[in-house]
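> Below is a structure I'd like to ask you about.
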Amino acid sequence: MAEIKTLLDEYGIIHEANKILPGNNLKLKFLEALAELEDNAAHKTSTFPKTRLHKVSGIKQKIYRADIDKISGWCIHVQYADVQLHLKDIIDGQRHNDVIKVIQAKRDRYN
902 MAEIKTLLDE YGIIHEANKI LPGNNLKLKF LEALAELEDN AAHKTSTFPK
952 TRLHKVSGIK QKIYRADIDK ISGWCIHVQY ADVQLHLKDI IDGQRHNDVI
1002 KVIQAKRDRY N
């Protein structure tokens, strides 16, 4: 049985994604991204083929970005705390290049 990494959704990101993601295709890709982020084996080997999980550069905090869909630009921001992964925000494809501004606008969410 696969080991599961705990995902915490204290800001209602899953509910928000269900409301704002356009189309069932992106909603399905969001669920696939969550499944990959829950896979502890992916974290041990740092292998994230679907989400391409990587650290956001240009800021002090260790915030990571996981793609929902590379072409549309939709992504999720997450942070590690202890052995858990905290969902912090879902970023619209139109705003994915303004990552620093998005994080600064909601800085109270990020540790």
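Numbered according to my numbering, the sequence shown spans residues 902 to 1012.
For every residue, glycine included, the Cβ atom is placed at its ideal position computed from N, Cα and C.
Source: prediction; values computed, not measured.
(1) Taking the alpha helix (DSSP H) that Lys-930 belongs to, which residues open and close that run?
(2) For Ile-977, which residues does DSSP report across the bridge?
(3) Below 8 Å on the Cβ atoms is my guess for Lys-956 versus Lys-963; work out the distance and round it to an integer in Å.
(4) How many Å lie between Lys-928 and Ile-905 at the Cα?
(5) Distance check for Tyr-965 and Ala-982, CA to CA, integer angstroms please.
(6) Can you pull the DSSP bridge partners for Ala-982?
(7) When you compare each of Ile-914, Glu-911, Asp-999 to Ser-1049 by their alpha carbons, which one comes out closest?
(8) Looking at the unbroken alpha helix (DSSP H) that takes in Val-1000, where does it start and where does it end?
(9) By Cβ distance below 8 Å, which residues in the same chain neighbour Ala-934 in space, the five residues on each side in sequence not counted?
(10) Among Asn-1012, Leu-932, Ala-1006, His-987, which one has its Cα closest to the Cα of Leu-909?
Result, derived from the coordinates:
(1) 925-939
(2) Ala-967, Ile-991
(3) 6 Å
(4) 21 Å
(5) 12 Å
(6) The partner list for Ala-982 (beta bridge, DSSP) reads Gln-985.
(7) There is simply no residue 1049 to check, as the chain begins at 902 and stops at 1012 in what is shown.
(8) 1000-1006 is the extent of the alpha helix (DSSP H) around Val-1000.
(9) Lys-951, Thr-952, Ala-967, Asp-968, Ile-969, Ile-977
(10) His-987
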